[in-house]
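Have a look at the structure below, then the notes.
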Amino acid sequence: MFTFIEVKFLHTIFLFFPLLFSAQTQTFRGENNKWGIKENERIIIPAVYDTLFNFDKEGNVCLACYRIKTTTTRNAMTITKTNHYCRYLNKNNNCLVIHINNNTDTCSVFQLSKNSVELYNDTFPFFAVSAKHKKYMVDKNFKQLTFVPYHNIYASSDKNFYVAEEKNEGDVVLTGLINTEEKQIIPFNYSGLTFNTADSLIIACSGSVRAKANDDIYNYKGEKIATYKTHVDMATKNFVIHKLYEPKQHYIIYNLQNDVRKQLDSDDLKLFRNDTVLIKQKNDWFFYNIHTYQKTLYKN
4 MFTFIEVKFL
14 HTIFLFFPLL
24 FSAQTQTFRG
34 ENNKWGIKEN
44 ERIIIPAVYD
54 TLFNFDKEGN
64 VCLACYRIKT
74 TTTRNAMTIT
84 KTNHYCRYLN
94 KNNNCLVIHI
104 NNNTDTCSVF
114 QLSKNSVELY
124 NDTFPFFAVS
134 AKHKKYMVDK
144 NFKQLTFVPY
154 HNIYASSDKN
164 FYVAEEKNEG
174 DVVLTGLINT
184 EEKQIIPFNY
194 SGLTFNTADS
204 LIIACSGSVR
214 AKANDDIYNY
224 KGEKIATYKT
234 HVDMATKNFV
244 IHKLYEPKQH
254 YIIYNLQNDV
264 RKQLDSDDLK
274 LFRNDTVLIK
284 QKNDWFFYNI
294 HTYQKTLYKN
């Protein structure tokens with residue numbers, strides 16, 4: 004599990020690296036006012052697309068879109084709408100094709116969503132695509148990884164799991180956990196999941212999706228090992244950290260070893276390593292040992 008400091012460093016590196024790699028390929032506008040991609044002045048994607056997003060930093064995937072306008076009339080008003088129909092392409096100009104509807108149909112044209120480009124440019128070796136208003140996971144070599152249609156699906160903090168979402172009949176989005184073989188590990192009953200990969204724990208928050216429901220803690224086998232009426236912000240093998248908002252925001256640190264609860268006033272709290280957390284008080288961050296209750300200033 005990365006620490007707060009390590010994640011901050013890695014985030015800076017990941018932002019910088021794409022700038023180095025993006026120079027290898029570049030988009031260009033052809034004489035027909037359409038877009039293509041060149042690599043070292045050699046055309047690898049012909050200029051036939053209305054909108055074109057360049058390859059990810061590894062050079063595996065780009066997104067090429069046709070723009071189609073439709074016009075409808077409603078209450079004597081003419082409404083024009085622009086839709087983008089896109090293909091994921093590799094450097095051989097081959098397109099991604101996935102199986103949908105329980106493998107009875109295929110799809111090679113995908114909906115452009117607000118985060119489509121962000122998803123395939125992420126540092127993960129896989130990304131979610133949107134087909135017929137459902138999400139599927141594929142890798143950057145165009146191998147399909149999931150076949151069950153989900154409202155949403157994305158990477159978890161552990162490479163062996165995906166966080167998935169389903170929408171119920173009341174249009175409430177419920178979150179659950181599946182493994183890479185699409186076996187359900189945690190049921191779709193929650194508003195969100197938080198991982199403690201160091202202790203192989205998953206905190207399942209009910210939030211507003213189930214009135215008066217508990218927050219639960221699971222192990223990686225999908226076994227519920229604890230449940231609490233008070234919101235669980237984080238948990239380790241030795242502590243459970245509750246976050247409360249009344250009368251003002253504060254945390255309760257519950258020591259599982261001696262059954263002692265201690266209140267901690269903090270604007271924010273992040274798990275750092277083992278039983279040390281980072282807490283924010285006013286404008287400063289501190290290391291806080293939840294065994295000894297001692298804090299020291301974190302110097303960035």
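Under this note's numbering, residue 303 is the last one in the sequence shown; the count climbs by one each step, no gaps.
C-beta atoms are modelled at their ideal positions from N, C-alpha and C, and glycine is treated no differently.
Three-state secondary structure (DSSP) of residue i
{"i": "glutamine 27", "result": "helix"}
{"i": "tyrosine 301", "result": "coil"}
{"i": "lysine 41", "result": "strand"}
{"i": "serine 160", "result": "coil"}
{"i": "leucine 148", "result": "coil"}
{"i": "glutamate 168", "result": "strand"}
{"i": "lysine 137", "result": "strand"}
{"i": "threonine 178", "result": "strand"}
{"i": "tyrosine 291", "result": "strand"}
Test item: CB-CB of residue i and residue j under 7 Å
{"i": "glutamate 168", "j": "valine 176", "result": "yes"}
{"i": "histidine 234", "j": "lysine 246", "result": "yes"}
{"i": "alanine 207", "j": "aspartate 219", "result": "yes"}
{"i": "asparagine 182", "j": "phenylalanine 198", "result": "no"}
{"i": "threonine 54", "j": "isoleucine 40", "result": "no"}
{"i": "valine 112", "j": "tyrosine 91", "result": "no"}
{"i": "histidine 253", "j": "aspartate 236", "result": "no"}
{"i": "methionine 140", "j": "alanine 134", "result": "no"}
{"i": "glutamine 147", "j": "isoleucine 101", "result": "yes"}
{"i": "asparagine 57", "j": "lysine 143", "result": "no"}
Burial state of residue i (16 or more Cβ within 10 Å)
{"i": "aspartate 59", "result": "buried"}
{"i": "threonine 28", "result": "buried"}
{"i": "asparagine 105", "result": "exposed"}
{"i": "tyrosine 153", "result": "buried"}
{"i": "serine 211", "result": "exposed"}
{"i": "isoleucine 46", "result": "exposed"}
{"i": "aspartate 262", "result": "exposed"}
{"i": "alanine 67", "result": "buried"}
{"i": "leucine 99", "result": "buried"}
- [ ] Could I get the ranges of all uninterrupted alpha helix (DSSP H) runs contained in the segment 245–287, with 4 residues as the minimum, in chain order?
- [x] Qualifying alpha helix (DSSP H) stretches: none in this window.
Open item on the list: Check whether the segment 119–129 and the segment 72–80 are in contact - that is, three or more C-beta pairs closer than 8 Å.
Closed with: no
- [ ] Please specify which runs of the alpha helix (DSSP H), each continuous and at least 4 residues long, are wholly inside the segment 43–129, giving them in chain order.
- [x] 119–123
Open item on the list: Quick check for students: name the residue ranges of the beta strand (DSSP E) that lie wholly in the segment 181–232, counting only runs of 3 or more.
Closed with: 187–193, 195–199, 204–208, 218–222 and 227–231
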